[in-house]
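Notes for the one structure printed next.
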Amino acid sequence: MMHQKTIKELSALLHTKQVSATELAQHYLDRISSSGHNAFLDVNPELTLAQAKAADARIAAGNAGPLTGVPIAHKDIFVTQGWRSTAASKMLGNYVSPFDATVVTKFADAGMVTLGKLNCDEFAMGSSNENSAFGFVTNPWDALAVPGGSSGGSAAAIAARLAPAATGTDTGGSIRQPAAFCGITGIKPTYGRVSRFGMIAFASSLDQGGPMARTAEDCALLLNEMVGFDERDATSLTAEQGNAREDFTRDLNAPLAGLRIGVPKEYFGEGLAADVEQAVRAALDQFVKLGATLVEISLPKTSLSIPVYYIIAPAEASSNLSRFDGVRYGYRAPEYTDLQDMYKKTRAQGFGKEVQRRIMVGTYVLCHGYYDAYYVQAQKIRRLIADDFQAAFRDQCDVIMGPVAPSVAWDLGSKANDPVANYLADIFTLSTSLAGLPGMSIPVGFGAGEKNGKRPVGLQIIGNYFAEAKLLNIAHQYQQATDWHNRAPEGI
Ligand code: GLN
Numbered sequence: 000m001m002h003q004k005t006i007k008e009l010s011a012l013l014h015t016k017q018v019s020a021t022e023l024a025q026h027y028l029d030r031i032s033s034s035g036h037n038a039f040l041d042v043n044p045e046l047t048l049a050q051a052k053a054a055d056a057r058i059a060a061g062n063a064g065p066l067t068g069v070p071i072a073h074k075d076i077f078v079t080q081g082w083r084s085t086a087a088s089k090m091l092g093n094y095v096s097p098f099d100a101t102v103v104t105k106f107a108d109a110g111m112v113t114l115g116k117l118n119c120d121e122f123a124m125g126s127s128n129e130n131s132a133f134g135f136v137t138n139p140w141d142a143l144a145v146p147g148g149s150s151g152g153s154a155a156a157i158a159a160r161l162a163p164a165a166t167g168t169d170t171g172g173s174i175r176q177p178a179a180f181c182g183i184t185g186i187k188p189t190y191g192r193v194s195r196f197g198m199i200a201f202a203s204s205l206d207q208g209g210p211m212a213r214t215a216e217d218c219a220l221l222l223n224e225m226v227g228f229d230e231r232d233a234t235s236l237t238a239e240q241g242n243a244r245e246d247f248t249r250d251l252n253a254p255l256a257g258l259r260i261g262v263p264k265e266y267f268g269e270g271l272a273a274d275v276e277q278a279v280r281a282a283l284d285q286f287v288k289l290g291a292t293l294v295e296i297s298l299p300k301t302s303l304s305i306p307v308y309y310i311i312a313p314a315e316a317s318s319n320l321s322r323f324d325g326v327r328y329g330y331r332a333p334e335y336t337d338l339q340d341m342y343k344k345t346r347a348q349g350f351g352k353e354v355q356r357r358i359m360v361g362t363y364v365l366c367h368g369y370y371d372a373y374y375v376q377a378q379k380i381r382r383l384i385a386d387d388f389q390a391a392f393r394d395q396c397d398v399i400m401g402p403v404a405p406s407v408a409w410d411l412g413s414k415a416n417d418p419v420a421n422y423l424a425d426i427f428t429l430s431t432s433l434a435g436l437p438g439m440s441i442p443v444g445f446g447a448g449e450k451n452g453k454r455p456v457g458l459q460i461i462g463n464y465f466a467e468a469k470l471l472n473i474a475h476q477y478q479q480a481t482d483w484h485n486r487a488p489e490g491i
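Going by numbering that gives the first Met the number 0, the residue at position 93 of the sequence shown is 92; the numbering climbs one at a time, nothing skipped.
Structural data, given as C-alpha cells:
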C-alpha cells in the first residue's frame, strides 16, 4: 500500500509516474478522514488537491524536485494560509493566517502537498499532547497511551501512516520525545538553522523546527529544504555562520568505523525504566558491531536542566504570549466592563491551565527583585550546561547517545494533573535544547509492560553544532542494520 512507503520510495513512484500526486493526496486524505487518533486539527481537501494538481503539472513538465508531490502535514504551530493556525489554543481557535511560515513556504516551493494541520500541546507546552484545547491524541501503538508531546499529532500521524512526513517544533524535546513514544524518526537541528518566522512563539531562544518521518533518510531529504538563513527571523544563522544549505543525504552511507560514542552516566541512573535501558543498551551494542566505540562520559549539570529550563522557557513564554490581548487578533471575551476587564477575561478564558501556569511562573521570575535570583542564575547555569557538552566533544567523543525519555509512553490521564511529573520526564532532552545542539530520536525497540499494545523506545543521538549530517549518517547506518523503523502498529 502507498501509505507504507517512505518519502524516498514515494518520490521514485511519483517521478516514474506509477502514482500521481493527486492519487497520493486523495489516499492520505481518505485515511485521515477515517482515522480516530485526533491527530489532525484542520484539513481542507480542496486546497490539498489543488496543490497536488500543481505538483502533477510540475512532474509532467519535467521540473520536479525530489519532494514534489510528496504529502506533508504541519504541526499547528506553523502558520498557514488557508488552513487554520491555532497552536491548539482556544485563543487562536478560528485564526487563519494571512501569510505562511517560512518552513511552510519552503516545502510548498519544493512541491510538497500539505495534508493539513496537526494537533499538539497548547502553544507547544507539554510532553503528552494532553494540553491541547481540542482534545488529546492517542498513540497509534496503544490507544491507552499518550503519543508524547508537544508534537504528538505529528508523531501519531506518521506512526498511523496518515502522512509520510510532518513538521515538528522542539523547545525542550518536542520533536524527539513524541518521535520516541510513537516509534518514528525525528531531528531537532542546531538552534538557528531553521527559520522561526511564522512558527508561533513559545520560548524564542529555544524554539526550533525540524522534520519527523519514518526514517533518517527521509528526515535528511526534508531537512535539505528546511534549513537556511531567513532575514525575517532575528536569530536565524547566516551561511557565514555555518548555516549554508547542504545536502544532508551526502554522508548517509559513510561507515561508522572509529566513531566515538559518548555515553553519559547521568542518563543511565536511577529513574530510568529498565525496559528503556535494555533497548537503549541493545542499540549501543549494535553500534559497536558497526565499528563504533563506547566511551563513558559525564554531563554533571544534567539534573539542573529541569529547573533552568522551567525558569527560562516560562520567562520567554510570558513575554511572547503578552501579544494575545483580545485586541488585535484571536479570541476576545464576549462580555466585559472595561479594557482591563477585557484583557483579564480574554486571557483567563482563552488560555488553558498549563499556559496560564507558565505565564505566571514566567512573570514571577522576571519580576524586579526576583530577576537576579532566578532568571539571571538560570542563564548562567545554561552556559555551564552548554560547556559540559563542549568539554565532552572536545576531549572524548564525536556524538553522545542515551535514552530520549526515562520511560515509554505513559497512560493517558496518568500525569495530566501533575505538572511536575511531566517536567521531570523531560530530563534527557532539555539540556540539548538549552545548549542549542542538534539531537535526534530513532526507534530502537519496545518496552515491556504493555497493556493494550506495544510502546516504542527511542534512542537519542546528540551532536555538536551543525553535525546534522553526521547524526543522520549514524541513524541511517543503524536503520540499514535493523528494522525497528519499518515496524507498524497492528492493523496498519
Ligand atoms: N515538554 C517541554 C515543555 O513542556 C518541551 C516542550 C517543547 O519542546 N515544545 O515545555
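Note that the Cβ used here is the ideal one computed from N, Cα and C, for glycine as well.
Query raised in the report: Quick one: does the C-beta of Gly457 sit closer than 6 Å to a heavy atom of the ligand GLN?
Result: no
Query raised in the report: Taking the continuous beta strand (DSSP E) assigned at Gly361, which residues delimit it?
Result: Taken as a continuous stretch (DSSP letters only), Gly361 belongs to no beta strand (DSSP E), being part of the alpha helix (DSSP H) at Lys352 to Val364.
Query raised in the report: Is Asp75 near the ligand GLN, going by C-beta to nearest heavy atom under 6 Å?
Result: no
Report task. Consult DSSP for Arg382 and reduce its assignment to one of helix, strand or coil. Result -> Note: Arg382 maps to helix in three-state DSSP.
Query raised in the report: Which residue comes first and which comes last in the beta strand (DSSP E) that contains Lys89?
Result: Where Lys89 is concerned, there is no enclosing beta strand (DSSP E), given that its DSSP letter is neither H nor E.
**Report entry** For His475, the nearest candidate out of Ala347, Lys116 and Ala253 (CA to CA)
**Finding:** Ala253
**Report entry** Cβ contact (3+ pairs, closer than 8 Å) linking the segment 176-187 and the segment 56-67
**Finding:** no
**Report entry** Cα-Cα separation between Phe228 and Ala100, rounded to whole angstroms
**Finding:** Rounded to the nearest whole angstrom, the C-alpha separation of Phe228 and Ala100 is 14 Å.
Report task. Could you please give the first and the last residue of the uninterrupted alpha helix (DSSP H) stretch that includes Arg57? Result -> Pro44 to Ala60
Query - Beta-carbon proximity of Gly351 to Ala132, cut-off 7 Å - result: yes
Query - Exposed unless 16 or more other CB atoms sit within 10 angstroms - verdict on Lys288 - result: exposed
Query raised in the report: chain B beta carbons: is any one of them nearer than 7 Å to that of Thr21?
Result: Note that chain B does not occur in the displayed structure, where there is just one protein chain.
Query raised in the report: Which residues in the same chain as Ala480 place their Cβ atom closer than 7 Å to its Cβ, once the five residues preceding and following it in sequence are excluded?
Result: Gln285 and Leu289
Query raised in the report: Is there at least one non-hydrogen atom of the ligand GLN closer than 6 Å to the beta-carbon of Asp324?
Result: no
Report task. Would you identify the three-state DSSP class for Asn118, choosing helix, strand or coil? Result -> coil
Requested in this report: Quick one: measure Cβ to Cβ for Arg192 and Ala468, integer angstroms, because I've assumed they're closer than 8 Å.
Outcome: Rounded, the Cβ-Cβ distance is 12 Å, inconsistent with contact.
Query raised in the report: Is it buried or exposed for Ala87, if we count other Cβ within 10 angstroms and need 16 for buried?
Result: buried
**Report entry** Spatial neighbours of Ala54 in its chain, beta-carbon cut-off 7 Å, leaving aside the 5 residues before and after
**Finding:** Ala20, Thr67, Gly68, Gly110 and Val112
Query raised in the report: Should Asn472 go down as buried or exposed, given a rule of 16 or more other Cβ atoms within 10 Å for buried?
Result: So Asn472 ends up on the buried side.
Query raised in the report: Which same chain residues, not among the five before or five after Phe247, have their C-beta less than 7 Å away from its C-beta?
Result: Excluding positions up to five away in sequence, the list reads Ala219, Leu222, Asn223, Glu467, Ala468 and Leu471.
Query - Neighbourhood of Thr234 by C-beta distance below 8 Å, restricted to the same chain and skipping five residues each side - result: Tyr190, Gly191, Arg195, Ser203 and Ser204
**Report entry** Simplified DSSP assignment, three categories, for Gln207
**Finding:** strand
Report task. Would you identify the three-state DSSP class for Met341, choosing helix, strand or coil? Result -> helix
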